[in-house]
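Below is one structure, written out as structure tokens; comments come after it.
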Amino acid sequence: MSDFIYVDHAATTKVRPEVLEAMMPYLTEYYGNVSSMYSISDITEQAVKDARASIAAAIGAKEQEIIFTSCGSESNNMALRGIMKKAGGGHIITTNVEHHAILHTVEALVKEGCTATYLPVDERGLITPDQLEAAITPETKIISIMMANNEIGTIEPIQELAAVAKAHGIYFHTDAVQAVGHLPINVKEMGIDMLSASGHKFGAPKGIGFLYVRNGIYLPALITGGGQERGKRAGTENTAFIVGMAKALELAVSEMDKTNARLLKMRERLIDGILESIPYCRLNGDRERRVAGNVNVSIEFIEGEALLLMLDMNGICASSGSACTTGSLDPSHVLLAIGLTHEVAHGSLRISLGEDNTQADVDYILKTLPPIVKRLRDMSPVWEDAIKAGIAEDY
Ligand code: PLP
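Here you go:
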């Protein structure tokens with residue numbers, strides 16, 4: 067066991083050794099620009115071609131439907147801004163639990179004159195097809211609903227939602243950053259028009275992602291310049307990272323069933339263990355419809371930030387919400403959206419398990435977390451008041 071336990075895989079993952087090994091030749095020996103004429107560039111060109119084919123196959127797409135980007139945020143921007151630019155404005159439908167890469171992009175588009183509807187989720191974090199149907203207007207140009215939530219792990223009924231979009235002839239985009247490499251995906255069977263992914267969530271380096279765009283959909287380039295990515299996204303191809311992302315996805319998909327079965331066992335032990343040993347604690351999100359490695363709990367009468375610091379001092383790297391919002395004292399918009407009060411949302415903890423975690427890590431967390439919570443409560447005036455008011459009972 068290393069000297070810390072990393073359980074923040076929804077924030078980012080380690081580059082797998084096999085991935086690094088696949089990348090190395092393209093950082094050292096075959097560094098030629100894909101577009102150049104000499105023969106080492108033939109090798110890099112072929113590597114990018116193979117990577118594109120492999121990524122396409124992993125999600126049931128065609129090679130020419132994959133556009134390489136720098137990250138999930140860029141992919142989301144490209145889909146939303148591209149469609150709205152092409153349409154010359156109009157109405158966007160999304161949800162109130164999306165990642166900020168979607169929410170802030172939609173906000174920016176609204177400032178530019180578009181309109182938007184944010185579908186509210188239920189207490190499990192779910193959207194229904196009927197809800198979506200009711201929100202569609204003649205002006206709706208794109209529907210963007212995430213596949214799996216980054217905070218509470220809830221998996222949306224994407225196939226059913228995409229079918230509603232299709233029935234109305236509206237483009238359906240999904241932010242699948244937390245799903246690619248973790249859930250089985252077939253874009254054709256699921257009826258998805260556009261899908262965003264990010265390599266660093268499944269064992270590739272940070273700084274590489276892709277957008278699947280169904281054949282026949284024209285998206286204007288956001289980044290203009292050279293003719294890379296068939297004119298859809300300028301910038302010299304990041305060969306090594308593209309190769310690494312393809313390798314990481316290939317491994318993730320081939321090991322998915324085994325990995326998920328293992329993560330699920332650990333997750334269930336963690337959830338049961340936490341709920342049994344910590345009073346005034348609740349699980350956030352749907353117990354079944356959630357990604358295998360996600361645990362998100364709200365622990366009342368404590369501050370999430372203090373809890374994270376104490377966990378860190380005890381060698382546990384976890385998160386209190388999405389990593390991107392760390393530093394902000396606002397409670398998570400996702401937890402508020404599923405009906406939590408500000409106070410309860412503040413005491414939330416996300417543990418996202420991955421590849422390298424073991425049952426010994428679970429044992430350690432279950433041994434370490436409850437006494438930390440007790441210590442924080444014992445120091446908390448809120449806890450003292452709750453006991454005095456008879457809202458909580460000391461233990
Ligand atoms: N969408 C979701 C659901 C995410 O979880 C994240 C990152 O946490 C992003 C988008 C942004 O991805 P990236 O960090 O690759 O820009």
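Quick note on the numbering used here: the sequence shown kicks off at 67 and runs consecutively.
Here a beta-carbon is modelled for each residue, glycine too, at the ideal position from N, C-alpha and C.
query	result
Please report how far the alpha carbon of Gly235 lies from the alpha carbon of Ile125, in whole angstroms.	22 Å
Nearer than 7 Å: is that true of the beta carbon of Val243 relative to any heavy atom of the ligand PLP?	yes
Note down, in chain order, each residue of its chain lying with its Cβ closer than 7 Å to the Cβ of Ile289, except the 5 sequence neighbours on either side.	Arg299, Ala300 and Gly301
Could you tell me which of Thr183, Ser414, Met89 and Glu178 sits nearest to Glu371, measuring between CA atoms?	Ser414
Mind checking whether Ala117 and Gly138 have CB atoms under 8 Å apart?	no
Go to Leu185, then tell me how far its beta strand (DSSP E) extends in each direction, as first and last residue.	Thr181 to Leu185
Mapping the DSSP letters down to three states, classify Val361 as helix, strand or coil.	strand
Nearest-angstrom Cα distance between Thr94 and Val100?	15 Å
Counting pairs of beta carbons, one from the stretch 264 to 277 and one from the stretch 78 to 96, are three or more of them closer than 8 Å?	yes
Is the beta carbon of Ile132 less than 8 Å from the beta carbon of Phe276?	yes
With hydrogens ignored, establish whether the beta-carbon of Asn142 is closer than 7 Å to any heavy atom of the ligand PLP.	yes
Applying the 10 Å Cβ sphere with the 16-neighbour rule, what's the burial state of Lys454?	exposed
Go ahead and pull the three-state DSSP assignment for Tyr97.	coil
Determine the direct distance from the alpha carbon of Thr305 to that of Ile344, and round the result to whole angstroms.	48 Å
Considering only residues of the same chain and omitting the five flanking positions on each side of Tyr346, which have a CB-CB separation below 8 Å?	Ile365, Glu366, Phe367 and Ala458
Asn216: beta carbon under 7 Å from a heavy atom of the ligand PLP?	yes
Under 8 Å, do Asn216 and Gln244 count as touching if we go by C-beta distance?	yes
Flag this pair as touching only if the stretch 135 to 153 and the stretch 332 to 339 have three or more C-beta atom pairs under 8 Å; answer yes or no.	no
Take every Cβ of the stretch 198 to 205, pair it with every Cβ of the stretch 426 to 438, and state whether three or more of those distances are shorter than 8 Å.	no
Does the Cβ-Cβ distance between Ile71 and Tyr430 come in under 8 Å?	yes
With distances taken Cα to Cα, identify the nearest neighbour of Gly291 among Val176, Glu303 and Ser120.	Glu303
Ser320 bridges to which residues according to DSSP?	Per DSSP, none; premise fails for Ser320.
According to DSSP, simplified to helix, strand and coil, what is Asp196?	helix
Can you name, in chain order, every residue of its own chain whose Cβ lies under 6 Å from the Cβ of Ala389, other than the five neighbours on each side?	Since pLDDT at Ala389 reaches only 46, below the 50 mark, its modelled position is unreliable, and no value is offered.
Using 8 Å as the threshold, is the C-beta distance between Val187 and Ala411 below it?	no
With distances taken from CA atoms, which of Ala229, Asn281 and Asp396 is nearest His408?	Asp396
Among the candidates Ala312, Gln130, Ser446 and His170, whose CA atom is the shortest distance from the CA of Tyr284?	Gln130
Unbroken beta strand (DSSP E) runs of length 3 or more, entirely within the stretch 188 to 248: which are they?	206 to 210 and 237 to 241
Using C-beta distances below 6 Å, list every residue in its chain close to Pro150, excluding the 5 sequence neighbours before and after it, in chain order.	Sequence check: residue 150 is Met here, not Pro. Excluding sequence neighbours, Met150 sits near Leu175 and Cys180.
So, Thr203 versus Leu185, is the Cβ gap smaller than 8 Å?	no
For Lys313, count neighbouring Cβ atoms within 10 angstroms of its own Cβ and tell me buried if that reaches 16, exposed if not.	buried
The ligand PLP heavy atoms versus the CB of His165: any closer than 7 Å?	yes
Just to confirm, are Asp241 and His170 a CB contact at a threshold of 8 Å?	no
Are Met311 and Ile274 closer than 8 Å when you measure CB to CB?	yes
Ordered along the chain, which non-local residues of its own chain (more than five positions away) have a Cβ less than 7 Å from that of His75?	Gly359, Ser418, Leu419 and Gly420
Considering only residues of the same chain and omitting the five flanking positions on each side of Met67, which have a CB-CB separation below 7 Å?	With a pLDDT of 47 at Met67, under the threshold of 50, the modelled position of this residue cannot be trusted, and the question is left open.
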